[in-house]
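Trainee: All letters in the sequence shown, in the order written, are residues 547 to 1041 by our numbering. Just so you know, even glycine gets a beta-carbon here, dropped at the ideal spot from N, CA and C. Predicted model only: the values in this text are computed from it and were never measured. A single structure is presented below for examination.
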Amino acid sequence: MRKWFEKLWEELNKIAVFRSLRFRISILILIVGALCCIGMRVGILRNYFSRAVEVRTSDVQSQMQILANHLISYDYLMDSSSDVVNAEIEQVANLYNGRIMVVNTNYSILKDTYNIATGKYMISEEVMLAFRGATLSHYDAENNYIEIVVPITATTGEKNSTVGVILASVSTTPIVQNEEILSRNSFIFMFILILLVVAVAFFIPRIMLRPFNRLSDAISEVKSGFTDETIAVNDYVETEHIADSFNQVMERIKIMEESRQEFVSNVSHELKTPLTSVKVLADSLNNQEDVPVEVYRDFMSDICEEIDRENSIINDLLSLVKMDKKSTNLNITSVDVNALIESVFKRLSPLAQRNQVEMVFESIRQVSAELDEVKFTLALTNLIENGIKYNQRDGVVKVTLDADYQFFTVTVTDTGIGIAQEDQKSIFERFYRVDKSHSREIGGTGLGLAITRSAILLHRGSIVVNSEIGKGTTFTVKVPINYAQNKNAAETQNT
Ligand code: ADP
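In structure tokens, the structure reads:
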């Protein structure tokens, strides 16, 4: 049954109009409204009928009681020839369009207004119960009459005794006729009400959903670029929330767009600088006549240097673009981190020798972790390379490796120039260099730490910097050992 219902719901949802909120509210109002109208009509009719039967029954009962008292005062049960009483019985019977019978203690029928059963006997359960003092009534829905049995009670001294019984059958045809008239009228009334419900079902959802339409129009306007103002539809809490969320998304898009523009202008500027130098060098060679070969060589080696620089900026940019892609592009394998650090040391040892910097590796624990080897190697290479580049003569770069059951930690400490407190929060930004000319001199592009940070974030790790001017810098990298199991384990902190 549930499956059947789910399938029906699925099929209905395929119909475009059924998925409209306005249509659903209309249908709901229609169903609830129609059920209320029909329920009200049925309820009123039922209630009317039972109440009318009740009223008629109690009315007849009290009339029979009065009649019973008259029968006692005229001693009718001893002598049933009293014209006054007989006329009264006939009159009451006619009044209720019914039949009245009077039975004495011998169960003999003294009077029958239909004149059919006079003189006969009436021994029934109701009559016997009435002789015991009970007043009874019964409604016969099939034949449309109410049967009432009332005891005739005589009082002698302080004693009451039942000396006879009155049986009355009263027709309910007038009630049925009234009910039919009421039914017809209530049908017309119900029809008008249903028409009203249809009108309400049509107009109310339109009015109710107007703020949502306004919201959708405002969003469309922003989407089409007519306006970049924030939108506000405060009619409902819901529209207010949607508008707020939309404004926040737009704000984020704006910030992203600004940072994208800034990045593009930075890239253009960085790429233009070596080209301008190449152009200046080439022009000055062109404008001189009979340039000696040594000068040529000198200029050409400068040009080569600028081309190398251009090349390294482009390579770094490509690495950064790769890092910006989603983590699904990570090629995760189980990597021996000790071996990885040693291979980075090997690759950087010529640079370290040239700068007269000693590299030290201290492994507190043997670590094997789930990493993208290429990306993680790039991240560590940048950190260790910076430790060498921004060091002093005879300085040291010390790398330590440690782990607990969940994370492994690599620290890269150098005895170099250090980074001022105010610069520490910016060094991970793309193209940020503390000392532009110094960084340029030693071949920096300003992209190394941005690449490192992206690579570590992709591994759900964190990177923290600690530095003091003139004393040195320590970068601490903390990465989950099991990539898949630590989706949210690492909290990224960048200072
Ligand atoms: P770059 O290619 O210029 O080295 P990075 O992004 O690697 O760019 O570094 C950004 C800046 O942070 C550098 O220009 C440098 O001023 C500073 N920096 C990075 N690492 C160190 C370090 N170990 N010691 C001192 N300064 C550093």
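1) Using the beta-carbon count (16 or more within 10 Å), is residue 1005 buried or exposed?
2) Who are the near neighbours of residue 845 in its chain, counting only those whose CB is closer than 6 Å to its CB and skipping five residues on each side?
3) How many Å lie between residue 887 and residue 806 at the Cα?
4) Take the Cβ of residue 1041 as the centre, count every other Cβ of all protein chains shown within 10 Å, and call the residue buried at 16 or more, exposed below.
5) What is the DSSP secondary structure of residue 647, reduced to helix, strand or coil?
6) Checking the sheet assignment: what are the DSSP bridge partners for residue 1026?
7) Using three-state DSSP, classify residue 944 as helix, strand or coil.
8) Ignore the nearest five residues each way along the sequence and tell me which others in residue 776's own chain have a CB closer than 6 Å to its CB.
9) From the DSSP secondary-structure annotation, give me the bridge partner or partners of residue 905.
10) For residue 559 and residue 565, I'd like the C-alpha separation in whole angstroms.
11) If you drop the 5 nearest sequence neighbours on each side, which residues of the same chain put their C-beta closer than 6 Å to that of residue 1037?
12) In the DSSP assignment, find the beta strand (DSSP E) that holds residue 658 and state where it starts and stops.
13) Would you say the segment 685-698 touches the segment 708-715, given that touching needs at least three Cβ pairs under 8 Å?
14) With 16 other CB atoms within 10 Å as the buried threshold, where does residue 928 fall?
15) Using a Cβ-based criterion (distance less than 8 Å to any ligand heavy atom), does residue 979 qualify as near the ligand ADP?
16) The alpha helix (DSSP H) that contains residue 1005, what's its start and end?
17) Rounded C-beta distance between residue 925 and residue 1020? I'm assuming under 8 Å.
18) Short of 8 Å in beta carbon distance, which residues of its chain neighbour residue 980, apart from the five on each side in sequence? Order them along the chain.
19) May I ask whether a heavy atom of the ligand ADP can be found less than 8 Å away from the beta carbon of residue 944?
20) Scan the segment 666-718 and note each continuous beta strand (DSSP E) run of 3 residues or more that stays entirely inside, going in chain order.
21) DSSP state of residue 922, grouped into three classes?
Mentor: Put simply:
1) Numbered from 1 along the sequence shown, position 459 holds the residue referred to as residue 1005. Looking at its Cβ environment, which holds 16 or more other Cβ atoms inside 10 Å, residue 1005 is buried.
2) For the purposes of this step, residue 845 is identified with residue 299 of the sequence shown, where counting begins at 1. So the list reads 827 and 831, once near-sequence residues are dropped.
3) Reading the sequence shown from its first residue, position 341 is the one you call residue 887. Reading the sequence shown from its first residue, position 260 is the one you call residue 806. Roughly 34 Å between the two C-alpha positions.
4) Here residue 1041 refers to the residue found at position 495 when the sequence shown is read from its first residue. Here residue 1041 scores only 36 on pLDDT, less than 50, and its place in the model should not be relied on; the value that follows carries that caveat. Label assigned to residue 1041: exposed.
5) Position 101 of the sequence shown, counting from 1, holds the residue named residue 647. In the structure shown, residue 647 sits in a strand (DSSP, three-state: E or B).
6) By one-based count along the sequence shown, residue 1026 stands at place 480. 953.
7) As a first step, residue 944 must be located in the sequence shown, where it is residue number 398. Looking at residue 944 - three-state DSSP - the assignment turns out to be strand.
8) Your numbering for residue 776 matches position 230 in the sequence shown. Hits under 6 Å: 793.
9) Translated into the one-based positions of the sequence shown, residue 905 becomes position 359. Under DSSP, residue 905 takes part in a beta bridge, and its partners are 943.
10) Position 13 of the sequence shown, counted from the start, is the residue given in the question as residue 559. Position 19 of the sequence shown, counted from the start, is the residue given in the question as residue 565. C-alpha separation (whole angstroms): 6 Å.
11) Translated into the one-based positions of the sequence shown, residue 1037 becomes position 491. Annotation note: pLDDT 43 at residue 1037 (below 50); position unreliable, no value reported.
12) Locating residue 658 in the sequence shown gives position 112, counting from the first residue. Its beta strand (DSSP E) spans residues 655-658.
13) yes
14) Residue 928 sits at position 382 when you count from the first residue of the sequence shown. Buried: at least 16 other Cβ atoms inside 10 Å.
15) As a position in the sequence shown, residue 979 is number 433, starting the count at 1. Residue 979 Cβ: within cutoff of the ligand ADP.
16) Indexing the sequence shown from 1 puts residue 1005 at position 459. Where residue 1005 is concerned, there is no enclosing alpha helix (DSSP H), given that its DSSP letter is neither H nor E.
17) Working through the sequence shown from its first residue, we reach residue 925 at position 379. Working through the sequence shown from its first residue, we reach residue 1020 at position 474. With a Cβ gap of about 16 Å, residue 925 and residue 1020 do not count as contacting.
18) Here the question's residue 980 lines up with position 434 in the sequence shown. If we look at residue 980 and ignore the five residues flanking it on each side, its Cβ neighbours are 965, 966, 969 and 973.
19) Numbered from 1 along the sequence shown, position 398 holds the residue referred to as residue 944. Because no heavy atom of the ligand ADP lies under 8 Å away, the Cβ of residue 944 does not count as near it: no.
20) 682-686, 691-702 and 705-717
21) Reading the sequence shown from its first residue, position 376 is the one you call residue 922. In the structure shown, residue 922 sits in a helix (DSSP, three-state: H, G or I).
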